[in-house]
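Heads up: the sequence shown runs through residues 2 to 337, numbered per my numbering. Glycine included, each C-beta is placed from N, C-alpha and C at the ideal position. Below you'll find the structure, written out as structure tokens, and then a few comments.
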Amino acid sequence: MIQTMESRAPRARQAKNEHSTATMRAAAIDAFGGPEVLTIHTLPVPKPEPLEVLIALDTSGVGVWDAEMRAGWVPDGRPRFPLVLGTDGAGTVAAVGSRIRRFKVGDFVYSYSFYNRKGGFYAEYVAVPADKVAHVPEGRDLRHAGAIPTTGLTALQGIDDALHLKRGETIVIHGAAGGVGSLAIQFAKLRKARVFATATGDDGVEFVRFLGADAAVDGRGDDITLAARTFAPDGADAVLGLVGDGLSFCLDAMRSGGRFAYPNGVEPVPKKRQGIQFIPYDAVPGVRQFERLNRAVEAADLQVPIDAEYPLEDASKAHERLAAGHVLGKIVLRVR
Ligand SMILES: NC(=O)c1ccc[n+]([C@@H]2O[C@H](COP(=O)([O-])OP(=O)(O)OC[C@H]3O[C@@H](n4cnc5c(N)ncnc54)[C@H](OP(=O)(O)O)[C@@H]3O)[C@@H](O)[C@H]2O)c1
Numbered sequence: 002m003i004q005t006m007e008s009r010a011p012r013a014r015q016a017k018n019e020h021s022t023a024t025m026r027a028a029a030i031d032a033f034g035g036p037e038v039l040t041i042h043t044l045p046v047p048k049p050e051p052l053e054v055l056i057a058l059d060t061s062g063v064g065v066w067d068a069e070m071r072a073g074w075v076p077d078g079r080p081r082f083p084l085v086l087g088t089d090g091a092g093t094v095a096a097v098g099s100r101i102r103r104f105k106v107g108d109f110v111y112s113y114s115f116y117n118r119k120g121g122f123y124a125e126y127v128a129v130p131a132d133k134v135a136h137v138p139e140g141r142d143l144r145h146a147g148a149i150p151t152t153g154l155t156a157l158q159g160i161d162d163a164l165h166l167k168r169g170e171t172i173v174i175h176g177a178a179g180g181v182g183s184l185a186i187q188f189a190k191l192r193k194a195r196v197f198a199t200a201t202g203d204d205g206v207e208f209v210r211f212l213g214a215d216a217a218v219d220g221r222g223d224d225i226t227l228a229a230r231t232f233a234p235d236g237a238d239a240v241l242g243l244v245g246d247g248l249s250f251c252l253d254a255m256r257s258g259g260r261f262a263y264p265n266g267v268e269p270v271p272k273k274r275q276g277i278q279f280i281p282y283d284a285v286p287g288v289r290q291f292e293r294l295n296r297a298v299e300a301a302d303l304q305v306p307i308d309a310e311y312p313l314e315d316a317s318k319a320h321e322r323l324a325a326g327h328v329l330g331k332i333v334l335r336v337r
């Protein structure tokens, strides 16, 4: 357990941690490979710098990008082993850096920090730049909050910042039953758009309808273009592409002048087409971004579907589940 004692004198304000232990459990890799390379390590608890927050994690998100890193992809091409995976999660503030005023020890927070410099979120503690941390939205428990940050920011920024989706417009969300899509459906409905969703299997189609899609088809078995054209006879105004397979069929259903957005990582991306605006984007964390996310989560009364959860020790099993596919919503690790 970590506690923080801070001096009342501002100039002496320090992130002073009292550790009963200086180490923590973390699921990390020593080399790239399959799910089996993900094992429990005992590592030093990271120390927060003046502008950082130390979070005692309750729940960490598991995403397809984690599996890509485990298998050999790191953004800077210079992995430092042991590498702790995980880009997001929720927990309790355990300590704050000397210049942090927005948070105090004990606050319930959630965070998104891609390829976090001081180690990822598959751990008991993570030290994160404070601008990538926010208080959990009203009424959310840590388990569900931990499943939101990466996918929630990606979904909301796709709908609002990339597509500027407006009331009454039609949107095709392709790959809508996954982590990003299950939240994007709800944010698109919050903006009062008409939503056509694709998923896989009868259960996937039922799932996206349950989350609010006005119409849905099986993107592997059904004729996406025909169904989307029936839904939007003048052509869809927008497409949010969350999987490459079948994506070109969605573009075939767009009107001229339509907007097509996809988060980087979606592959393959169809060839550019005349009259369609292509908008690749990355999710961006930040104080204002999290304020907007919190407002949207609360306004949408967001449902955060968790398909499966695993204890931190079973991070490799969580990755096996991810590799098996057909995750409806999100997978999480329970750290505490
Ligand atoms: N750049 C960024 O900032 C950023 C941030 C977050 C995510 N991303 C990227 O965004 C993408 C989506 O992430 P995610 O977490 O939502 O992934 P995900 O959970 O794997 O969702 C993808 C969904 O697409 C479905 N699908 C596959 N083929 C389909 C088809 N032909 N028709 C309809 N649905 C189909 C999958 O179903 P099955 O499992 O049944 O095949 C799955 O439900 C990933 O590529 C990720 O890397 C990028």
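Assigned exposure category for residue i - 16 Cβ within 10 Å defines buried
{"i": "Ala13", "result": "In this prediction, Ala13 scores a pLDDT of 33, lower than 50, which makes its location untrustworthy; no coordinate-derived value is stated."}
{"i": "Ser183", "result": "buried"}
{"i": "Thr171", "result": "buried"}
{"i": "Thr151", "result": "buried"}
{"i": "Thr201", "result": "buried"}
{"i": "Gln290", "result": "buried"}
{"i": "Glu292", "result": "exposed"}
{"i": "Asp344", "result": "Nothing about residue 344 can be reported from this structure: the residues present for the chain run from 2 to 337 only."}
{"i": "Ala262", "result": "buried"}
Helix, strand or coil at residue i according to DSSP, with G and I counted as helix
{"i": "Ala16", "result": "Residue placement at Ala16 is flagged as unreliable, the pLDDT there being 43, under the threshold of 50; the coordinate-derived value follows with that caveat. Coil."}
{"i": "Asp238", "result": "strand"}
{"i": "Ser8", "result": "Any reading at Ser8 needs caution, since the residue's pLDDT is 28, under 50, leaving its predicted position unreliable; the model's value is listed next. Three-state DSSP puts Ser8 in coil, outside helix and strand."}
{"i": "Val94", "result": "strand"}
{"i": "Ser99", "result": "coil"}
{"i": "Pro130", "result": "strand"}
{"i": "Glu53", "result": "strand"}
{"i": "Glu310", "result": "strand"}
{"i": "Gly287", "result": "coil"}
{"i": "Gly180", "result": "helix"}
{"i": "Ile172", "result": "strand"}
{"i": "Ile149", "result": "coil"}
Given residue i as reference, the closest of the options once Cα atoms are compared
{"i": "Gly220", "options": "Arg102, Val288, His327", "result": "His327"}
{"i": "His42", "options": "Trp66, Pro49, Leu86", "result": "Leu86"}
{"i": "Gly121", "options": "Ala324, Thr199, Val206, Met25", "result": "Met25"}
{"i": "Val305", "options": "Glu53, Leu143, Leu58", "result": "Leu143"}
{"i": "Ala300", "options": "Leu212, Phe250, Leu191, Gln158", "result": "Leu191"}
{"i": "Met255", "options": "Pro234, Val244, Glu268", "result": "Pro234"}
{"i": "Val38", "options": "Glu50, Arg79, Leu44, Arg71", "result": "Arg71"}
{"i": "Glu50", "options": "Gly213, Gly107, Ile101, Phe208", "result": "Ile101"}
{"i": "Val46", "options": "Gly34, Ala23, Asp223, Thr93", "result": "Ala23"}
{"i": "Ala27", "options": "Leu84, Gly35, Arg79", "result": "Leu84"}
{"i": "Gly35", "options": "Glu207, Thr88, Gly73", "result": "Gly73"}
{"i": "Arg118", "options": "Ile149, Asp108, Ser257, Pro80", "result": "Pro80"}
Residue i: CB within 8 Å of a non-hydrogen atom of ligand 1
{"i": "Asn265", "result": "yes"}
{"i": "Glu170", "result": "no"}
{"i": "Val240", "result": "no"}
{"i": "Arg147", "result": "The amino acid at residue 147 is misidentified as Arg; the sequence shows Gly. Because no heavy atom of ligand 1 lies under 8 Å away, the Cβ of Gly147 does not count as near it: no."}
{"i": "Glu69", "result": "yes"}
{"i": "His175", "result": "yes"}
{"i": "Arg221", "result": "yes"}
{"i": "Thr40", "result": "no"}
{"i": "Glu268", "result": "yes"}
{"i": "Gly320", "result": "Note that residue 320 corresponds to His in the displayed sequence, not to Gly. No, the Cβ of His320 stays beyond 8 Å of every heavy atom of ligand 1."}
{"i": "Trp66", "result": "yes"}
{"i": "Leu1", "result": "Outside the shown range of the chain (2 to 337) lies residue 1, about which nothing can therefore be said."}
{"i": "Ala228", "result": "no"}
{"i": "Leu329", "result": "yes"}
{"i": "Phe109", "result": "no"}
Inter-residue CB distance, residue i and residue j (contact presumed, cutoff 8 Å)
{"i": "Ser114", "j": "Val333", "result": "That pair is no contact at about 17 Å."}
{"i": "Gly147", "j": "Asp59", "result": "6 Å"}
{"i": "Leu252", "j": "Arg274", "result": "6 Å"}
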